[in-house]
Structure formats: C-alpha cells, structure tokens
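The structure appears below as structure tokens.
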Amino acid sequence: MVNRVFVVGVGMTKFEKPGRRTNEDGSAWDYPDMAREAGTKALTDAGISYDQVEQGYVGYVYGESTAGQRALYELGMTGIPVVNVNNNCSTGSTALYLAAQAIRGGLADCTIALGFEKMQPGSLGSTYDDRAQPMERHILALAEISEVLFPPAPWMFGAAGREHMQRYGTTAEQFAKIGLKNHKHSVNNPYAQFQDEYTLDEILDSRMIYDPLTKLQCSPTSDGSGAAILASAAFVDRHGLAERAVEIVGQAMTTDFASTFDGTCRSIIGYDMNVHAAQRVYDQAGLGADDFQVIELHDCFSANELLLYEALGLCAEGEAGKLVDSGDTTYGGRWVVNPSGGLISKGHPLGATGLAQCAELTWQLRGDADKRQVAGVTAALQHNIGLGGAAVVTAYQRADR
Numbered sequence: 056m057v058n059r060v061f062v063v064g065v066g067m068t069k070f071e072k073p074g075r076r077t078n079e080d081g082s083a084w085d086y087p088d089m090a091r092e093a094g095t096k097a098l099t100d101a102g103i104s105y106d107q108v109e110q111g112y113v114g115y116v117y118g119e120s121t122a123g124q125r126a127l128y129e130l131g132m133t134g135i136p137v138v139n140v141n142n143n144c145s146t147g148s149t150a151l152y153l154a155a156q157a158i159r160g161g162l163a164d165c166t167i168a169l170g171f172e173k174m175q176p177g178s179l180g181s182t183y184d185d186r187a188q189p190m191e192r193h194i195l196a197l198a199e200i201s202e203v204l205f206p207p208a209p210w211m212f213g214a215a216g217r218e219h220m221q222r223y224g225t226t227a228e229q230f231a232k233i234g235l236k237n238h239k240h241s242v243n244n245p246y247a248q249f250q251d252e253y254t255l256d257e258i259l260d261s262r263m264i265y266d267p268l269t270k271l272q273c274s275p276t277s278d279g280s281g282a283a284i285l286a287s288a289a290f291v292d293r294h295g296l297a298e299r300a301v302e303i304v305g306q307a308m309t310t311d312f313a314s315t316f317d318g319t320c321r322s323i324i325g326y327d328m329n330v331h332a333a334q335r336v337y338d339q340a341g342l343g344a345d346d347f348q349v350i351e352l353h354d355c356f357s358a359n360e361l362l363l364y365e366a367l368g369l370c371a372e373g374e375a376g377k378l379v380d381s382g383d384t385t386y387g388g389r390w391v392v393n394p395s396g397g398l399i400s401k402g403h404p405l406g407a408t409g410l411a412q413c414a415e416l417t418w419q420l421r422g423d424a425d426k427r428q429v430a431g432v433t434a435a436l437q438h439n440i441g442l443g444g445a446a447v448v449t450a451y452q453r454a455d456r
C-alpha cells in the first residue's frame, strides 16, 4: 500500500546576499538562525509542535557533518532520526523527496524537510582539491565539444544555450526575455534577494558572463533557508488539516543516464534526467503539462529555463524560443513560470532552493500568494536539478480539490 502525502506547513526566510544580514544583537546570521526561522514558520503554518514530527531530512551543500542536527536542534531535541542530505543544487528537493518517501512507505506520519545554505560570495568553487571531483566526467565531456571556461557552471549552461541557438535559431534576446520576466515577477516577492525590475536592454547590456548569458540572466549566491512539514492522510484527518493541505500527487527523482554523455551540451546539463523525471510524475499524477497553471523550475541560468520548457513538455523540441516570445510563461499566458522570481532573482541558496519552490507552490494552491497570485490554480509543478547529477520533479494539487 502506498500512502498519500500532504504538505501541511511551509516556511522560509528572505534570501539574502551572503553575509549581508545580521541578527538583532549584531551577530552574524548563521545557519541555525536561518533554520530556526524557516522551521518555526513551517510548524506554525501547520499548526503543530515539533514533538509531533517523527523524522527530519536536512539539506545543505556547504557545511560540516551533522549540521542538519545542529539546525533542527533549534526547533527541539526529541531524539528523532535526522538525515543530512547533499545533492548539489537539487539538495532541498532531495530532502523533500526523502521526507515524502518516509510517509509514502508508511514509516512515519509526520516529517520535516528543511534546507539551508550559508554561502561564500562569488562563483561556486570546489571545497576539496585532493580527490576526484564529482563533475569531472561532465566537464571533460563538455570540453570535447565546447571551448572551456571557468567557473564551470555558466560555461556549461551557456554552452547548452549556444547549442540551442545553433540548432534552432534561438536568439540572445529570447534568453534575455526570461531574465526580464523573472526579475519582473520578483518585484512582488518579499522573500526575494532582488526585487528590481529591468528593461530588456538593461538585461542584454549587463556584464557578459558567458555569451549569451549576461549577469542579469544568472542566479546569484545566497544565504537562506526553507522548510516543509509533510503528513500522511491519517495525520491530516486526525488534526483537521485538510482545508489548507496540499497533496503531492506525483514525485520522481532521476540521476544521470548513459545518454548524459551522448555528445550534446544539453544532455551533459541534465536534459534526459529532466525528461524522464517529468514523464514519471505525469504518469503518477494522471496529469500533463497543460493541466498545470503555475510552475517553479530551476532557472539557475536563463538557458536552463528555456531548455526546461521543452524537457517538461511545455512545447515541442526547438520551439522554446517561440514560447518565450508568445508570452505564455507569464501572467496572462498559458502558464506562470517562476512567479517567485525564480533562482535568477529570488536567489539560490543551494540547500534551500527546492523547499522555497515548494513553499511558493503551496501558497499559490492555497490562494495565499498575495500580489503574485496566479488565477485559478488547481495544479502546480516543481522542478529542481543538481549537476553531477539529480533531477527532482514534484506535482501538487489541493487536498480538497
């Protein structure tokens, strides 16, 4: 028997530029502070106490072993199992996946997924240089078909963008329109790191990172935390939570296939992982791309968002540029993609990103997204990816649908 899984509480901090925020006493805003804020908000939102939580899954990429325990101890010390999770940029969604899996398999009735990140300013780098790098194969494979640039992230996604331009005639302006959209969406998100709106020319004229990606089409490093409380149907019924509960009606995680190294840039950055994860979720949920009204997806760079339109089935292969031009991915269009501002503008604290996406979609389904609210939301889709690699896709509907 597979148990149903519900999101009954969500919470997050505002995402901040690394090192910018301090506590009221002037001390540095550290990851336990972030976790306490996000976790407390999630528990309050659910209307339960921490001693009702039976398992915890805590995601972070940069940090010492058992930082997950240290983070959750801010909420209580009840002796529950706490699992530390690291899956690169998909870490937050991986924690969510594991917390849901415990309920789905009947191992717990209530779990918490929490993610945080305290990052260093600037481009991402490796922590250990005395051992093999996890993405070594990906980087070497891309180096065979593309010029090499460091840091690797903008190079890898930028190369995939260039490949799409060469194959399908996609333009630099179409990539820039994705940055334009997401910055515009973030104006109404008080949790976003950036809340500035730009013109298309300002997006195009900002500093070039790796052609066609300018600075305003790239996600920043960020500090922040997000959390979600998950529960079984029995727990929801017992505590009268159905009115505000959101059901996870489909969820899948994939890792690299042999086709990752098929000689194309898009495969190296996870295209096949995304396709397979999305299809599994559609099959589980009995829904297709057209059945969703709002989507939070992994726009670490505008090029990735564009490629995801095709991988998630929003349009046919090669048609993503036309989809951008149609206006069908913003308010008034077929879908609203990244109403939060996405990673590009909301920020990207790696361990928290997937849980912030979950929070945004939960608010959208409840009708609690304030100025960001999408009209008539009945189903929501989430996508989160980490190179090296893992992709997590999740579909949500209201419990009382």
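For the sequence shown, the numbering used here begins at 56 and goes up steadily by one.
C-beta: ideal position from N, C-alpha, C; glycine also.
| Check | Outcome |
| --- | --- |
| Among Gln272, Thr319, Phe249, the one whose alpha carbon lies nearest that of alanine 196 | Thr319 |
| Runs of beta strand (DSSP E) lying entirely within the stretch 400-455, each at least 3 residues, in chain order | 434-441, 445-453 |
| Nearest-angstrom Cβ-Cβ length linking glycine 66 and threonine 95, presumed shorter than 8 Å | 7 Å |
| Every unbroken alpha helix (DSSP H) inside the stretch 238-276 [4 residues or more] | 255-260 |
| Where valine 330 falls: helix, strand or coil (DSSP) | helix |
| Closer than 7 Å: glycine 94 CB and nearest the ligand SAM heavy atom | Absent from the structure shown: the ligand SAM. Ligands present: none. |
| C-beta atoms of alanine 288 and isoleucine 258 nearer than 8 Å | no |
| DSSP-derived helix/strand/coil call for glycine 368 | coil |
| Same chain only: Cβ atoms within 8 Å of histidine 238, ignoring 5 sequence neighbours per side | Phe249, Asp251, Glu252, Tyr253, Ile258, Leu271, Gly396, Ile399, Ser400 |
| Within 8 Å, strictly: CB atoms of alanine 407 and glycine 281 | yes |
| Which listed residue (Thr309, Gly376, Lys173, Ser277) has its alpha carbon closest to that of glycine 224 | Gly376 |
| Same chain, Cβ closer than 7 Å to alanine 344, neighbours up to 5 away in sequence not counted | Leu367, Gly368, Leu369 |
| Within 8 Å, strictly: CB atoms of glutamine 419 and glutamine 428 | yes |
| Per-residue DSSP class, three states only, for phenylalanine 171 | strand |
| Beta-bridge partners of methionine 308, as assigned by DSSP | Val447 |
| Strand pairing of glutamine 110, partner residues [DSSP] | Thr166 |
| CB-CB length for tyrosine 265 against glycine 213, believed under 8 Å | 4 Å |
| As assigned by DSSP and simplified to three states, the class of leucine 285 | strand |
| Asparagine 78 classed as buried or exposed, judged by whether at least 16 other C-beta atoms fall within 10 angstroms | exposed |
| Contact the stretch 103-119 vs the stretch 162-174: 3+ CB pairs below 8 Å | yes |
| Inter-residue Cα distance where the pair is proline 267 and isoleucine 158 | 43 Å |
| Spatially closest choice to glutamate 374 from Thr315, Met190, Leu98, Gln229, by CA coordinates | Gln229 |
| Neighbour-count burial assignment, lysine 426, 16 or more Cβ in a 10 Å radius | exposed |
| Own chain partners of threonine 68 with C-beta closer than 7 Å, once the 5 adjacent residues on each side are dropped | Met89, Glu92, Ala93, Gly279, Ser280 |
| Member of Val336, Thr433, Arg217 whose CA lies at the smallest distance from the CA of leucine 416 | Thr433 |
| Status (buried if at least 16 other CB within 10 Å, exposed otherwise) for methionine 263 | exposed |
| C-beta contact flag for aspartate 383 and arginine 389 at 8 Å | yes |
| Beta strand (DSSP E) runs contained entirely in the stretch 190-226, provided each spans 3 or more residues | none |
| CA-to-CA distance, threonine 315 to proline 189, given in whole angstroms | 14 Å |
| Spatial neighbours of tyrosine 105 in its chain, beta-carbon cut-off 7 Å, leaving aside the 5 residues before and after | Leu98, Leu130, Gly131, Thr133 |
| Nearest-angstrom Cα separation, counted from serine 277 out to lysine 72 | 5 Å |
| Those residues which DSSP pairs with asparagine 139 across a bridge | Val113 |
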